[in-house]
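These notes are about the structure you will find just below.
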DNA sequence: CGTTTGACGGTCC
DNA sequence: CGGACCGCCAAAC
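Numbering (my numbering), first residue to last: 2 to 109.
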């Protein structure tokens, strides 16, 4: 049973360190998916997959909480990030590059 | 089975 | 700096 591409997305997302975030594109590039859209789609499925995936640590390349609308509540994503010490303002992560976690470089 | 959509990204204007 | 457009690939319709 080979892992499907979205199962790999779950693994990478689960490995994102506390207080750090990554982008759809970074994951897509790390997994060589070729399409960042697939990451978002995979994470979307994660809700019904039963897996505990910290999808709130994944944002778009601008650091915007573009996926907040897919959470149980639109404010949950921002609150979770704030709890982890990530500065979020107007649905945008502040000092994004400082909390950005690149799997291609920091993940072995 | 052809068309539309989507938690994106990069380029172009 | 921001809006418009195209490309990515899989799933839903």
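Backbone N, C-alpha and C define an ideal beta-carbon position, used for all residues, glycine too.
As the structure is a computational prediction, the values presented were derived from the model and not from experiment.
Item                                                                                                                                                            : Value
Sorted by chain position, which residues of the same chain lie with C-beta nearer than 8 Å to residue 89's C-beta, five sequence neighbours on each side aside? : 66, 79, 82, 83, 95
Output the distance between the C-alpha atoms of residue 101 and residue 52, rounded to the nearest integer angstrom.                                           : 23 Å
What are the start and end residues of the alpha helix (DSSP H) that includes residue 30?                                                                       : 25-31
Beta carbon of residue 59, beta carbon of residue 44: below 8 Å?                                                                                                : yes
To the nearest angstrom, how far is the alpha carbon of residue 42 from that of residue 36?                                                                     : 10 Å
To the nearest angstrom, report how far apart residue 75 and residue 68 are at their CA atoms.                                                                  : 9 Å
Using CA coordinates, which residue listed in 55, 7, 18, 5 is at the minimum distance from residue 99?                                                          : 18
Specify the secondary structure class of residue 72 as computed by DSSP and reduced to three states.                                                            : coil
Out of 12, 10, 55, point me to the one whose CA is closest to residue 77's CA.                                                                                  : 55
Determine the direct distance from the alpha carbon of residue 109 to that of residue 34, and round the result to whole angstroms.                              : 18 Å
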